[in-house]
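Right, one structure below, let's go through it.
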Amino acid sequence: MSARPVPPQGNGAGAAPPRAGAGLGTRLRAFAGTSVALALLVAVTAALAAAYPRAVDRYGDAGLRRAIEQARPDRTSVQIQAAPPWMASLQQMESLLRAAPLAKARTEVLAAAEAPLVPDRAQSSYGVRTTVPLETSEPWLAQPVGLPAQVVLAAQQDLASHSRLSAGRLPRTTGEPVTAATESVEAAVTADTARTLNIKVGSVIRVPGSGRGPLAVRITGIVVPRSPDGAYWSALPVLRTPALSRQPGSQLSEVFWLGGLLLAPDAGPALLGTPGRPDRYWNVAPDVATLRGHDLDRLASAVANLESGPGVQRLRVAVDDELEAQTNLDEVLADHARLRSGIEPLLVLAAVGTGSLAVIVLAMAGGVAADRRRAELALLRARGASLPGLAARLLAETAAMAVPAGALGLTAALLLLPDARTAPAVTAALAVTLLACLALPLRAVAAHRTVRMHDDREDLTATRPSRRRTVVEATVLVIAAGAVAALRRQGSGSTGLVAAAPLLTGVVAALLLARLHPLPLRALSKAAARLRGLVIPLSLAQVARAPGFAVLPLLALLSALTTAAFGGSVLAGVTAARDQAALLDVGADGRVETTTGRLPKALPDRVRGLPGVRDVTAASVTREAKPQQSGQPVPLAGVDPAAYARLSHHTGLGSFDAASLRSEGEADAKGRGEGEKAGAGGGADRPLPALASPRVAEEYGTDPYVVLLPDGTSVTVQVVLVREHTPAVIGDDFLIVDRAALPRAAAHATTLLLTGDSLNGRALRSAADGTGASVRLRAEERARHVDSPLQSGAERLYVVAVAAGAGYAVLALLLTVLRTAPERRALLARLRTMGMSRSQGRRLLILMALPQAFLAAAGGVLTGWAGIHLLSPGIDLATIALASPSGLEGAALRTDPLSLAVPALTVLLLAVGVPAAQAWWTGRRGSVSELRLGDN
């Protein structure tokens, strides 16, 4: 007979304590579904958290590179030049202008550029050039108005590697070294220069000499630039493409051609024999591929260092005491920094809102897991498990799933978004993983600090908030009020606290709703007690007995709805701002306009017949009308009052009543002959009614005054209407009158304003071909406002933020349903054994879920609406919406109804649909099996 096992005596000090990892695989298999769901949640959240900083980096890098590329290389290159030391001997100056000393100095110049300003060595040009253009006397060179052409001579190094020969050969030096006394040198020109100035291979261009005879420049080759837009050719554009120029103070029509001649690399000393004042130059072109948006401040410091700081001082010591550096790259960087500073606060707002929702949902997931295992953990505590041991056990369980999931999410973010910083992404993914690992242990430790035989009752309508909770809620309320006040007063870029203002608004609303919504539940419970039915009183009683833990899902739902409403309103505001700016730029859906002459009479009918064109309004616009008492030109437009009133009402630009603009003498004006110089409204007794801009109305008043027209005629106008904007004239100054009352010569149509939903730009340009008219479409102008990757990237990030916020809201709702699912199944099964029908069970579960879901949805809509109105004065969307200055003054944040209604309705439908589906599934399984599952 075998001996019985002897239990440990005393307090069990000799027994080995269970390890935290003991039975880890068994416990994970027991909660396989929960573990997989947690891993999926952590992976997605870690991927989003890691992707955000990398996406911001990528958009910032692309935006900076676009800004540098759009600016001309003559602005973005650091141009360093040094004149020969005129106190030195001629031989010393000649030696400084030869290729070897120039190349040696170039090495010093490129080494002086400090990171992150990395020079593009291939595009950084250097050499010797004249700083004063030299006039040529060759009569065969192109002369637009009879003035002789002028040329710039440049001995630019590395010409062979940056061009290909189109004709002839590259210039070279033969025989003795070139000196200031050399009488003839060879040169090449680009194909554009040769075509424009009538230069051919073998042509000889003579330029004046200084203290000697003319210098003959023989053209030996015509080259085609390999990269014409690169800095090598564009830092001094005249070497690539000739330009029309004029002397300072001369008439606008007195122009001449200015072109560039490319000498042999060793021919620089010959320039000393000309009056062109030759300089050595080194152009440092930045390597665009190495630029990073997060290095913007350091890049600006590096540019300042090379332009006017220690860098240029070192070059003066190493190269020449008189060396100077200049660039406009600092201005380009400053413009980009202003764009970035206007967009970044809005991105922070989106990141804080969505990130906080992720934190809440992860905390809820840990709370749900702890609540589902409450009996198990309570038993472990009752059998002597310590809080540190219990926390270690739960930490090991969650870490076994969360750490690989976090690593998987981080890897996905790194692979999907390459070429960005890794450290911020790793930090964000680690934070998510750590929070997921700690949520369950901390919740379990907080719930099981004391060993209890049973749980206290936590009815929502019976439990009173503690003093500690009251203090915390009051603190949050004060912080939220301060953040909202700061945002309204200082704008979205003021402090880090301001970034959390939309979230804090939702938090305050959630706390208030959690405090207040037991009151209507008590009132409804008392009213329902007198009803004869069973379902409604029972559902209200069950809702009233819901535990206080339901406050956290309420907080998540309200915060998610507020964040989604805010993000959706930002996107809607950006779209509206671009649409309005495009409308102000065009004046209608489309615009066909000529600035010289008139439009053909048949063009309006031809345009009206094109697909997509709904209406055409003709206008005669002149920008040279001058009020007699001022002499300053004011744009004046003659229109048909009825058609123009419809157009103004359609566009929303200065709508008015057509009768107020119609001239009393319109009928007489239509019958005037060609010889009349004034219209029927031209007399002082019957002035033309005019619609004017506020500035014109203020300057010239509302009394009648005479306006002189470009053809010598005049009309008398009287301002009767004042509007900020009008479709016919783009700008802040305008006068609009009845076109029928204008003199015939001034009433010809010059502008067609089109309305239509889908105008075809190609068809319109084809119809206007040969008329000299330009075609502008509102849709095309709207697209031009998305100019920087920073803007488009910010929009995409907001779309992702709104989608993620909606997803976390749904997840919070599902976690709430999962937490209470066993209790609902058991309740429904017990009620089914007492005779409740399946339809009554479905209605019961729906009515149990409806009060909190309805309060959350309604509270989310109201909170989102109130939050947007509270925060809108401190947020200007113009930076993210518009690529360039526009007539639109600011872009305010406005409420978007869809962003408010769609997430709230989704939450409401899910809150009702999930319990209904559960009731249907429970009815199929049967009450006995559900009760047995509950017993187990």
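Converting from the sequence shown to the numbering used here requires adding 375 to each position, the first position being numbered 1. Using N, Cα and C, we set each Cβ at its ideal position, and we do this for glycine too.
Secondary structure at residue 1251, three-state DSSP: helix, strand or coil?
strand
If you drop the 5 nearest sequence neighbours on each side, which residues of the same chain put their C-beta closer than 7 Å to that of residue 913?
The answer, listed in chain order, is 1219.
Less than 8 Å between the CB atoms is what I'm expecting for residue 898 and residue 911, so what's the real figure, rounded?
That belief does not hold up - the Cβ atoms of residue 898 and residue 911 are roughly 14 Å apart, past 8 Å.
Compare the Cα-Cα distances from residue 591 to each of 570, 608, 545, 642 and report the closest residue.
For the residues 570, 608, 545, 642, the minimum Cα distance to residue 591 belongs to 642.
For residue 460, which of 712, 1191, 1173, 697 has the nearest alpha-carbon?
697
Decide yes or no for the touch test of the segment 478 to 498 against the segment 657 to 668: beta carbon pairs closer than 8 Å, at least 3 of them.
These segments touch.
Which of the three DSSP states is assigned to residue 963 in this structure?
coil
Close Cβ partners of residue 1049 (< 7 Å) along its chain, the five nearest in sequence each way excluded:
Legend: pLDDT at residue 1049 = 37, less than 50; position of this residue unreliable, no value from coordinates given.
Roughly how many whole angstroms lie between the Cα atoms of residue 515 and residue 552?
31 Å
What would DSSP say about residue 842, mapped onto helix, strand or coil?
DSSP places residue 842 in the helix class (H, G or I) of the three-state scheme.
Can you tell me the Cα-Cα spacing of residue 396 and residue 1215, whole angstroms?
Because residue 396 sits at a pLDDT of 48, beneath the cut-off of 50, its placement in the model cannot be relied upon, and the following sentence gives the value as read from the coordinates. Distance between the alpha carbons of residue 396 and residue 1215: 47 Å.
Would residue 1169 be called buried (16 or more neighbouring beta carbons within 10 Å of its own) or exposed?
buried
If you run the structure through DSSP and keep just helix, strand and coil, what is residue 1384?
Nothing in the structure corresponds to residue 1384, since the chain is present only between 376 and 1311.
State yes or no: is the beta carbon of residue 612 nearer than 8 Å to at least one beta carbon in chain D?
Going by chain labels, chain D is absent from the structure shown, which holds only one protein chain.
Quick one: give me the first and last residue of the beta strand (DSSP E) that residue 1031 is part of.
Per DSSP, residue 1031 belongs to no beta strand (DSSP E) and is neither H nor E.
What number of angstroms, rounded off, separates the C-alpha of residue 471 from the C-alpha of residue 477?
7 Å
In whole angstroms, give me the CA-to-CA distance for residue 1174 and residue 619.
48 Å
In the DSSP output, what is residue 701 paired with across the bridge?
According to DSSP, which records beta bridges pairwise, residue 701 is partnered with 454.
Candidates 748, 532, 526: which alpha carbon is nearest residue 616's?
526
Between the segment 1118 to 1132 and the segment 989 to 1004, do three or more beta carbon pairs fall short of 8 Å?
Yes, the segment 1118 to 1132 touches the segment 989 to 1004.
If you follow the alpha helix (DSSP H) that residue 467 is part of, which residue opens it and which one closes it?
465 to 471
Verify whether the separation of the beta carbon atoms of residue 1068 and residue 1108 is less than 8 Å.
Contact: yes.
Would you check if the segment 1017 to 1024 and the segment 1086 to 1093 touch, i.e. whether three or more CB-CB distances between them fall below 8 Å?
When C-beta atoms of the segment 1086 to 1093 are compared with those of the segment 1017 to 1024, fewer than three pairs fall below 8 Å, so the two segments do not count as touching.
What residue range is occupied by the uninterrupted beta strand (DSSP E) comprising residue 502?
501 to 505
Assess contact between the segment 1231 to 1243 and the segment 930 to 937, defined as three or more Cβ pairs (one per stretch) separated by less than 8 Å. Is contact present?
yes
So, for residue 652: in the same chain, excluding its five sequence neighbours on each side, which residues have a beta-carbon less than 8 Å away from its beta-carbon?
458, 505, 506, 507
Strand pairing of residue 1111, partner residues [DSSP]:
1012, 1066
Nonlocal neighbours in the same chain, by C-beta distance under 8 Å from residue 679, ignoring five residues either side
Hits under 8 Å: 705.
Quick check: the Cα distance between residue 1291 and residue 417, rounded to an integer number of angstroms?
29 Å
Considering only C-alpha positions, which residue in the set 1005, 1066, 1009, 1012 is nearest to residue 1035?
1066
Among 848, 970, 1146, the one whose alpha carbon lies nearest that of residue 977:
1146
Quick check: what's the CA-CA separation for residue 1221 versus residue 1231?
15 Å
With distances taken between CB atoms, is the gap from residue 650 to residue 583 smaller than 8 Å?
The answer is yes: Cβ separation under 8 Å.
State yes or no: is the C-beta of residue 1111 within less than 8 Å of the C-beta of residue 1012?
yes
Given a cut-off of 8 Å on the beta-carbon distance, is the pair residue 1225 and residue 1177 in contact?
no
Cβ neighbour criterion (16 or more within 10 Å) applied to residue 1073
exposed
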